[in-house]
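Structure first, commentary second.
Number of protein chains: 2
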Amino acid sequence: MPNNARFAEIAALAGDPGRASMLTGLMDGRALTASELARLAGVTAQTASSHLMRMTEAGLLLVEKQGRHRYHRLASPAVAQMIESIMRLAAPAVDSKPVRTGPRDAALRAGRTCYDHLAGHLGVSIADSLIDAGHLELGIDAGEVTANGIHLFESAGINVEALTAKGSRILCRPCLDWSERRPHLAGAIGAALCTHCFDKGWIRRVEGSRAVTVTPNGRRQLRETFGVNLS
Amino acid sequence: MPNNARFAEIAALAGDPGRASMLTGLMDGRALTASELARLAGVTAQTASSHLMRMTEAGLLLVEKQGRHRYHRLASPAVAQMIESIMRLAAPAVDSKPVRTGPRDAALRAGRTCYDHLAGHLGVSIADSLIDAGHLELGIDAGEVTANGIHLFESAGINVEALTAKGSRILCRPCLDWSERRPHLAGAIGAALCTHCFDKGWIRRVEGSRAVTVTPNGRRQLRETFGVNLS
DNA sequence: CCAATGCTTCGAGGGCGATCGAAGTGTTGC
DNA sequence: GCAACACTTCGATCGCCCTCGAAGCATTGG
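Listed in order, the protein sequences are those of chains D and Z.
Using this note's numbering, the first residue of the first sequence is number 798, and each one after it goes up by one.
Using this note's numbering, the first residue of the second sequence is number 798, and each one after it goes up by one.
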């Protein structure tokens, strides 16, 4: 089975300390430059360049040229999931907390990150509001930001032009929400919106979980800026 | 971060072709002897011994002495999940190529065990049916058994309370199916359901393979008990 | 006991790849 | 244009670890 060789190849790529640092450093979904990743891994630029090329060719990373910088990010949620599964094994026995199906699940339903965008009641509410206001069109299999929507995001401080210029990544796509059973906003614009909310302090991550909570100010800002009403 | 070293160590262990063969060979949850694993990996007994010791010390495998044999198996579902996540990245060729389907591949696609739960067309069909009937919610990143679902499993003779009481293991989680490209049911409840099907004689393991076949009675029982319609 | 089997330990060989210095290409800013 | 910056390519070094032969335990069966 030739498949096995590829299995080992991929695992081996994650099996070098330097590359491991790079991969875990990219887990938040951001795109980092080669220099940043080199510093993060504690190696010289040449070494980092070699690592990044190999991981890109193997399909673990995607790279975007932007001027004299090269931005690298994880190629897909599947890659992030693999890294997460390794991290879980690498973590010391934190398993002490039994992860009860109580407040935590409720928190996950209310709002969480799905790879690099927002999901749960929060994510679906945002998508619904944007759709209702004509800023967004979103179906099961595809989606699009309207001209109105682009204007809205731009005026909120999210540079949509820059996102589309990045080329390879799809600007807007739906992602089916497991708790709400309806699509929420993913793609480059979904990731940008998520980052925006974190940066502005509108949402905060719950320690040791994918769950996020909306701050009082965030709730107000989301309503005023994006017309989102969180019930 | 000392954690990073352990991340790389674990990934590197999976990154050797020989060890990769061993790990994937243990994915059905069975325990194999060192000799069997050596043959599977295509290496001598000495080499295999070294590999097995390292993987055991790293916590990937558990070993059980039994006379002059030493049985090795995956240490936990978390290990199996890591392997599965790597396998999924290793098989992107499913998109481009129509995938030559030998009889054995066809059997694997139809139904197989994924460590300790059911996968393939069988696994996805079960998950879909449970979701449609409101017994289960399952997305890319998380899932949950509904109150209705708990009642269904209990009445079928699966003690859900006992599973949740176990504490550490997650009751319900999705596992992305590599042949169907959609989530199927994993976690404690997925394992319990799989065991239930074997115990009742609804499914049988194909000799020397992870593939399973559904017996005529099993097909009927799955429909009557869990509302599963296998096309 | 002795031979056979399963597995491990020891030691040596050998290849792969991680690393960095040096040099080259492309881009930005003045 | 020139200098600074970001990144890549090339080449050489060197250490790690994969591998197997040989020998050493451990267990089983006769």
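All C-beta atoms, glycine included, are put in the ideal place defined by N, C-alpha and C.
Contact between Z:ALA855 and D:PRO814 does not hold, since their C-beta atoms are separated by about 15 Å, which reaches or exceeds 8 Å. Within the model, the alpha-carbon separation for Z:VAL876 versus D:PHE950 is close to 42 Å.
Rounded to whole angstroms, the gap between the alpha carbons of Z:ASN945 and Z:THR910 is 26 Å.
Taking 8 Å as the threshold, the shortest C-beta distance from D:MET884 to chain Z falls below it. Close to chain Z, meaning a Cβ-Cβ distance shorter than 7 Å, are the following residues of the segment 967–978 of chain D: LEU973, ASP974, TRP975, SER976.
For chain Z, the residues of the segment 804–832 of chain D that bring a beta carbon within less than 9 Å of one of its beta carbons are PHE804, ALA805, GLU806, ILE807, ALA808, ALA809, LEU810, ALA811, GLY812, ASP813, PRO814, GLY815, ARG816, ALA817, SER818, LEU820, THR821, in chain order. Going by beta carbons, D:ALA872 and Z:ALA808 fall outside the 8 Å limit. Only GLY856, LEU857 from the segment 835–865 of chain D bring a Cβ to less than 8 Å from some Cβ of chain Z. Contact between Z:VAL1011 and Z:LEU919 holds, with the beta-carbon distance rounding to 6 Å and staying under 8 Å. DSSP places Z:GLU934 within a strand segment (E or B) once states are collapsed to three.
In the DSSP annotation of this structure, the continuous segment of the beta strand (DSSP E) that includes Z:GLY940 starts and ends at 940–942. Per DSSP, the continuous alpha helix (DSSP H) segment holding D:ALA805 begins and ends at 800–811. Between D:LEU990 and D:LEU935, the gap from beta carbon to beta carbon reaches 8 Å or more.
In the three-state scheme derived from DSSP, where H, G and I count as helix and E and B as strand, D:GLU881 is classed as helix. Chain D has no Cβ within less than 8 Å of the Cβ of Z:ASP996. In this structure D:LEU837 touches D:MET819 by the C-beta definition: roughly 6 Å separates them, less than 8 Å. Contact of D:ASP902 with chain Z by beta-carbon distance below 8 Å involves GLU941. Taking a beta-carbon distance threshold of 8 Å, Z:VAL876 counts as an interface residue toward chain D. With a minimum length of 4 residues, the unbroken runs of alpha helix (DSSP H) contained wholly in the segment 983–1020 of chain D fall at 984–996. For Z:ALA916, the enclosing beta strand (DSSP E) begins and ends at 914–916. Using a Cβ-Cβ cut-off of 8 Å, D:LEU905 counts as an interface residue toward chain Z, since at least one Cβ of chain Z sits closer than that to its own.
Collapsing the DSSP output to three states places Z:GLU977 in coil.
Between Z:ALA831 and Z:SER846, the beta carbon gap of about 6 Å places them in contact (Cβ cut-off 8 Å).
The shortest C-alpha to C-alpha distance from Z:PHE1023 to any of Z:GLN878, Z:ALA953, Z:LYS997 is the one to Z:ALA953. When secondary structure is reduced to three states using DSSP, D:LEU905 falls in the helix class. Bounds of the alpha helix (DSSP H) holding Z:VAL957 are 957–962. Per DSSP, Z:ARG865 lies in no beta strand (DSSP E) segment and is marked neither H nor E. Judged by DSSP in its simplified three-state form, D:THR841 adopts coil rather than helix or strand. For Z:MET819, the enclosing alpha helix (DSSP H) has its first and last residue at 814–822.
Straight through space, the alpha carbons of D:ASN801 and Z:HIS869 are spaced by roughly 20 Å. Closest in C-alpha terms to D:ARG867, from the list D:LEU857, D:SER882, D:MET850, D:ILE883, comes D:MET850. The three-state secondary structure of Z:LEU849, taken from DSSP, is helix. DSSP places Z:LEU857 in the coil class of the three-state scheme, outside both helix and strand.
Z:ARG827 sits in coil when the DSSP states are folded into three classes, being neither helix nor strand. Within the segment 908–925 of chain D, CYS911 place their CB atoms closer than 7 Å to a CB of chain Z, listed in sequence order. In the three-state reduction of the DSSP assignment, D:ARG836 falls in the helix class.
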